[in-house]
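Since the structure comes first, as structure tokens, the remarks are kept for the end.
Numbering (this note's numbering), first residue to last: 2 to 143.
Structure representation (structure tokens):
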């Protein structure tokens, strides 16, 4: 059986190395979380993990999932594509909402807020993120 969600607001993301699908239903003001069991070019197979799991994941990521960043005095929208633990903190990888070809941004997620990493932390977290989530990084030719 094939099921297609009618919501245009569908976001794939990793949270603690588990791939999820977030579906936002505007009319019902509801957000659903699914666990991705299989993902290929043709289709995605998802499983509904239950209401308790849904609520827990939303509690952890909802406040930080969509963000507005400022760079060079320009505002732009980003969304969360992955989280991973690093030195007792949770790191979020954020992708430009309009241009997924741009390099992602990394932030520490602390108490439902984004915090900048030091240069050294950023570099170390970047290398971990590049190894664990290479699909979000565009390697520059040297």
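For glycine and all other residues, C-beta sits at the position ideal for the given N, C-alpha and C.
The structure displayed is predicted, hence computed values, not measured ones.
Residue environment, residue i, which counts as buried when at least 16 other CB atoms sit within 10 Å
i: residue 16; result: buried
i: residue 128; result: exposed
i: residue 23; result: buried
i: residue 30; result: exposed
Close-in-space but distant-in-sequence residues of the same chain around residue i (CB under 7 Å, 5 per side omitted)
i: residue 49; result: 35
Residue j beta carbon less than 7 Å from that of residue i
i: residue 64; j: residue 122; result: no
i: residue 98; j: residue 80; result: yes
Coil, strand or helix - residue i by DSSP
i: residue 78; result: strand
i: residue 17; result: coil
i: residue 66; result: helix
i: residue 49; result: coil
Same chain, Cβ closer than 6 Å to residue i, neighbours up to 5 away in sequence not counted
i: residue 84; result: 16, 91, 93
i: residue 71; result: none
i: residue 28; result: none
Residue i at chain D interface by Cβ criterion, 7 Å
i: residue 124; result: Included in the structure is just one protein chain, with no chain D present.
Taking 8 Å as the threshold, find out whether the segment 92-104 comes into contact with the segment 64-83 through three or more Cβ pairs.
yes
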